[in-house]
Structure formats: C-alpha cells, structure tokens
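> Residue numbers for the sequence shown follow the working numbering, so the first one is 19 and each next one is one higher.
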Amino acid sequence: MSCPIGTYANSSNIGKLILRLLVGGLMLAHGISKLGGIDGIKGMLSASIFPEFFAYGVYVGEILAPLLLIVGFKTRLAALVLAINMIFIIILAHSSSIFALSEHGGLALETVYFYLFSSAAIFFLGGGKYSADRD
19 MSCPIGTYAN SSNIGKLILR LLVGGLMLAH GISKLGGIDG IKGMLSASIF PEFFAYGVYV
79 GEILAPLLLI VGFKTRLAAL VLAINMIFII ILAHSSSIFA LSEHGGLALE TVYFYLFSSA
139 AIFFLGGGKY SADRD
C-alpha cells in the first residue's frame with residue numbers, strides 16, 4: 019500500500035529535527051530571561067555545597083546548549099549539558115518535590131522532567147541528517 023504523501027524514509031530525521039528545535043527553542047526562550055541576572059541562582063548555590071560561580075553555568079546550560087541543539091552542532095554534548103543542567107535544577111531548587119503532584123494532579127516538575135528526558139533522548143538519538151553534525 020502506497021502512502022499519498024510519499025515515503026517515510028526521512029521521518030526519523032525530521033522527528034529528530036523537530037525534537038531538537040522544540041527543546042532548544044523552548045529552553046533558549048527560558049534561558050534568555052537569565053540575562054537579567056542570576057542572583058537567585060547564586061543564592062541557592064551559596065546555601066548548598068556548590069560554589070557560587072557555578073551559577074554562570076546557567077548561561078551554558080540554558081543559552082549556549084540550546085543554541086547548539088537548534089543548529090545541530092555538537093548535538094550530543096549539548097544535550098548532555100542540558101540534562102546535567104536539569105539535574106542541578108532538581109537538586110538545588112526542587113529536591114523536596116521530586117515526586118510531588120501539582121494542584122491539577124500532574125507532576126509538579128513535569129517541565130523539568132520534559133527537558134531532562136527529552137535531552138537524554140537527543141543524546142542517544144543524535145542530531146540526525148538535518149543537523150550541522152549530520153549524525
């Protein structure tokens with residue numbers, strides 16, 4: 019049976035592109051807000067076991083890594099950096115609500131988990147044919 023749209027030969031590569039653009043674009047929009055200052059993150063770090071200068075990692079994890087995902091350059095590394103960034107967010111800001119439910123019954127951290135597991139998927143899938151890396 020023939021599909022009227024054509025073959026699905028590139029569908030996995032298109033799916034990888036969509037996933038990269040979605041995760042990278044959404045996180046980049048979120049990360050741009052950090053350009054206004056990261057004092058809150060510095061405060062969380064100084065109250066933890068981590069040094070305060072780690073706060074500057076937010077620029078790598080929420081601006082640089084998403085840009086790399088969008089372009090598809092060093093895709094696996096960028097996805098790994100984003101996943102590590104999400105783990106830090108869970109540890110620093112949400113450790114008491116890892117399995118908590120929101121008032122609507124969903125996971126309170128569903129957005130964080132979306133970024134964590136989507137970036138893990140990108141790490142294992144690679145950027146695909148429509149990326150600068152073409153992997």
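Where a beta carbon is used, it is the ideal one built from N, C-alpha and C, also for glycine.
Just so we're clear, the structure is a prediction, and the values are computed from it rather than from any experiment.
Within its chain, find whatever has a CB closer than 6 Å to the CB of His112; leave out the 5 residues flanking it on each side and keep chain order.
Around His112: Leu127.
> I'd like to know whether the C-beta atoms of Ala96 and Leu86 end up nearer to each other than 8 Å.
In contact: Ala96 and Leu86 (Cβ atoms closer than 8 Å).
> For Leu87, which three-state DSSP category applies?
Helix, per DSSP.
> Mind checking Ala83: buried by the 16 CB within 10 Å criterion, or exposed?
Answer is buried; the Cβ neighbour count reaches 16.
> What residue does the alpha helix (DSSP H) around Glu70 start on, and which one ends it?
Looking at the DSSP string, Glu70 is not in any alpha helix (DSSP H), and its letter there is neither H nor E.
> Taking the straight line between their C-alpha atoms, what separation do you get for Phe68 and Ser29?
Approximately 43 Å between the Cα atoms of the pair.
> So for Leu125, helix, strand or coil by DSSP?
Residue state, collapsed to three classes: strand.
> Would you kindly work out how many angstroms separate the C-alpha atoms of Met45 and His122, rounded to a whole number?
The alpha-carbon atoms of Met45 and His122 are separated by roughly 24 Å.
> Which one or two residues does DSSP pair with Leu119 in a beta bridge?
Bridge partners of Leu119: Leu125.
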